[in-house]
Amino acid sequence: SLDAFEALRAWHTIALRAQHSHIADALSGRRLDVLQQCVAIEVAGGGAELASVVDARSLAAWLRTLHQERLAGGEATRPPATLLTAGPASGKTTLLSQVVVLSLDGELVPILIKAQLLQQRLISSPDAFATAWNWVDAYLRLEHGEVSPLYRMLRQAMMARRALLLLDGLDEGGTNREQIERHVAEVLAPQGHVLLATSRPAGIGEARFTSFHRLSLSPLTPEQQEHALVQRLGEAQATPLLEYVRDRVPIDAETAQRVTANPLMLSMFASVFELRTGLPMPSTVVGLYKMASDVMLSRSGAASGELRRLLQAVFFEAQVSQRRVI
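Count along the sequence shown from 1, then add 1; that gives the number in the working numbering.
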């Protein structure tokens, strides 16, 4: 019944809010409010219809607009599907968590799936995917169980086109990447689901996504970096770090901008600054990485010399072979 659907959706909303309202700082482990820590990430590309999309809040509003346009029954010249591309550690996953939180009070039911986990299910249970009307449904059935009330509610939302499908990291689909991309473009999008997928730009099958709305995350501007640091640290405490960022942080050769234009790098600088209260910041990026690595290893209890040497060897091989999975 509709009442049962809405009751279960209300419970699911509470669970999603608890899961996505905070992100863990990679170094300190401190929980950061995903919206309070948000900066106005510029979203570039897509033409006039996307001119209003400048951050997570306006992106979530625009996705709701796509759904409302479908409800109005007007002519549909392209699917309500969007592909957002950006480089590594540029904030794609955090952006999706922000979209989830910002969508919880609307009509759509967010369903977030990591392509890496989808691939694992594809490998372990291929028959379940071969007979499903789409792979999101197959994944949810495997995750929650066919008789689960939660699965049935999410399935009903998809069948009614009330789901907001968020697919994180198409580039992380491993050996099944091409299959996943093809399914997203040739099955999910034509079915009419409001859909937002993210990927690194390298290797994406451009021809498959010509009908998709296209977005990309731009590096953070100096003003956005300053806003983020002041919001996180407070104006007085952030002042010396702002001077350090302006005067000492190196320029990235690829982007011609300071390395703190990358959200992950900016967060790492903020974390190291907090951990070194009263002490000078490292004079080089290598020194910063060393300190960050020491902190992460200490937090995980993996500070022994033997394990450090093993990790160094693993990461060296990964870097040389350009492989993310060893």
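Yeah, the Cβ is synthetic: ideal placement off N, Cα and C, and Gly gets one too.
### Message
Suppose contacts are defined by Cβ-Cβ distances below 8 Å. Is Val188 in contact with Leu168 by that definition?
### Response
Here the question's residue 188 lines up with position 187 in the sequence shown. Here the question's residue 168 lines up with position 167 in the sequence shown. No, Cβ-Cβ distance for Val188 and Leu168 is not below 8 Å.
### Task
Quick one: using the 10 Å Cβ neighbour count with 16 as the cut-off for buried, is Gln20 buried or exposed?
Here the question's residue 20 lines up with position 19 in the sequence shown. Burial call: exposed.
### Query
Which of helix, strand or coil does DSSP assign to His194?
Working through the sequence shown from its first residue, we reach residue 194 at position 193. Of the three classes helix, strand and coil, the one that applies to His194 here is coil, per DSSP.
### Message
Starting from Pro111, trace the beta strand (DSSP E) in both directions and tell me its first and last residue.
### Response
By one-based count along the sequence shown, residue 111 stands at place 110. Unbroken beta strand (DSSP E) run through Pro111: 110-115.
### Query
Taking buried to mean at least 16 other C-beta atoms within 10 Å of its own C-beta, is Tyr290 buried or exposed?
On the sequence shown, residue 290 is found 289 positions in, with the first residue counted as 1. Exposed: under 16 other Cβ atoms inside 10 Å.
### Query
Taking all protein chains shown into account, do 16 or more other C-beta atoms lie within 10 angstroms of the C-beta of Val287, making it buried, or fewer, making it exposed?
By 1-based counting over the sequence shown, the position of residue 287 is 286. With fewer than 16 Cβ atoms within 10 Å of its Cβ, Val287 is classed as exposed.
### Query
Which residue spans inside the segment 84-157 form an unbroken beta strand (DSSP E) run of at least 3?
110-115
### Message
I need the DSSP call for Asp26, collapsed to helix, strand or coil.
### Response
Indexing the sequence shown from 1 puts residue 26 at position 25. Looking at Asp26 - three-state DSSP - the assignment turns out to be coil, as it is neither helix nor strand.
### Message
Distance check for Phe6 and Pro223, CA to CA, integer angstroms please.
### Response
The residue you call residue 223 lines up with position 222 of the sequence shown. The residue you call residue 6 lines up with position 5 of the sequence shown. Those two C-alpha atoms are separated by around 46 Å.
### Ser212 - DSSP class collapsed to helix/strand/coil
Against the sequence shown, residue 212 aligns to sequence position 211. Ser212 falls in the coil class under three-state DSSP.
### Query
In terms of DSSP beta bridges, what is Thr199 paired with?
Numbered from its first residue, the sequence shown carries residue 199 at position 198. Thr199 pairs with Leu85.
#### Entry: Rounded separation between Ala239 and Leu230 - CA only
Locating residue 239 in the sequence shown gives position 238, counting from the first residue. Locating residue 230 in the sequence shown gives position 229, counting from the first residue. Straight-line Cα distance between these residues: approximately 6 Å.
### Message
Mapping the DSSP letters down to three states, classify Ile205 as helix, strand or coil.
### Response
If you number the sequence shown from 1, residue 205 lands on position 204. Three-state DSSP puts Ile205 in coil, outside helix and strand.
### For Asp56, the three-state DSSP class (helix, strand or coil)
For the purposes of this step, residue 56 is taken as residue 55 along the sequence shown, with counting starting at 1. If DSSP states are grouped into helix, strand and coil, Asp56 belongs with coil.
### Message
Excluding the 5 residues flanking Leu97 on each side, which residues of the same chain have their C-beta closer than 8 Å to its C-beta?
### Response
Here residue 97 refers to the residue found at position 96 when the sequence shown is read from its first residue. If we look at Leu97 and ignore the five residues flanking it on each side, its Cβ neighbours are Leu113, Leu167, Asp169, Leu197, Thr199.
### Message
Can you check whether the C-beta of Thr240 is within less than 8 Å of a C-beta belonging to chain D?
### Response
No chain D appears in this structure, which consists of one protein chain only.
### Task
Could you tell me the distance, in whole angstroms, from the CA atom of Gly204 to the CA atom of Thr83?
Taking the sequence shown and counting its residues from 1, one reaches residue 204 at position 203. Taking the sequence shown and counting its residues from 1, one reaches residue 83 at position 82. Using only the alpha carbons, I get a separation of about 17 Å.
### Message
I believe Thr86 touches Pro202 by the beta-carbon criterion, under 8 Å. Please report the beta-carbon distance rounded to the nearest angstrom.
### Response
Translated into the one-based positions of the sequence shown, residue 86 becomes position 85. Translated into the one-based positions of the sequence shown, residue 202 becomes position 201. Confirmed, about 4 Å.
### Task
Report the rounded CA-to-CA distance for His23 versus Leu33, giving the unit in angstroms.
Position 22 of the sequence shown, counted from the start, is the residue given in the question as residue 23. Position 32 of the sequence shown, counted from the start, is the residue given in the question as residue 33. Using only the alpha carbons, I get a separation of about 5 Å.
### Task
Pick out whichever of Arg163, Val102, Arg10, Asp4 has its Cα sitting closest to the Cα of Gln69.
The residue labelled residue 69 in the question sits at position 68 within the sequence shown. Checking every option, the nearest Cα to that of Gln69 belongs to Arg163.
### Query
Do Val102 and Leu171 have their C-beta atoms closer together than 8 Å?
Here residue 102 refers to the residue found at position 101 when the sequence shown is read from its first residue. Here residue 171 refers to the residue found at position 170 when the sequence shown is read from its first residue. With respect to the 8 Å criterion, Val102 and Leu171 are not classified as neighbours on the basis of their beta carbons.
### Task
Could you check if Ala158 is buried or exposed, using at least 16 other CB atoms within 10 Å of its CB as the buried criterion?
Here residue 158 is taken as the residue at index 157 of the sequence shown, counted from 1. Classification for Ala158: buried.
### Task
Please report how far the alpha carbon of Ala237 lies from the alpha carbon of Asp4, in whole angstroms.
Taking the sequence shown and counting its residues from 1, the one referred to as residue 237 is at position 236. Taking the sequence shown and counting its residues from 1, the one referred to as residue 4 is at position 3. Looking at the two C-alpha atoms, the distance is approximately 51 Å.
### Query
Three or more beta-carbon pairs under 8 Å between the segment 111-126 and the segment 171-181, yes or no?
Contact annotation: the segment 111-126 touches the segment 171-181, with at least three C-beta pairs closer than 8 Å.
### Task
Throw me the rounded Cβ distance for the Arg209 and Arg178 pair, which I believe falls under 8 Å.
Locating residue 209 in the sequence shown gives position 208, counting from the first residue. Locating residue 178 in the sequence shown gives position 177, counting from the first residue. Wrong, their Cβ atoms sit about 12 Å apart, outside the cutoff.
#### Entry: For Val315 and Pro241, the rounded distance between their alpha carbons
Counting from one through the sequence shown, the residue named residue 241 turns up at place 240. Counting from one through the sequence shown, the residue named residue 315 turns up at place 314. So the two alpha carbons sit approximately 36 Å from each other.
### Close-in-space but distant-in-sequence residues of the same chain around Met292 (CB under 7 Å, 5 per side omitted)
If you number the sequence shown from 1, residue 292 lands on position 291. Around Met292: Val273, Pro283.
### Query
Out of Gly306, Met297, Ala262, which has the shortest C-alpha to C-alpha gap to Ser91?
Position 90 of the sequence shown, counted from the first residue, corresponds to residue 91. For the residues Gly306, Met297, Ala262, the minimum Cα distance to Ser91 belongs to Ala262.
### Query
Opposite Asp34 in the DSSP bridges: which residues?
In the sequence shown, residue 34 corresponds to position 33, counting from 1. For Asp34, which the question treats as bridged, DSSP gives the partners His23.
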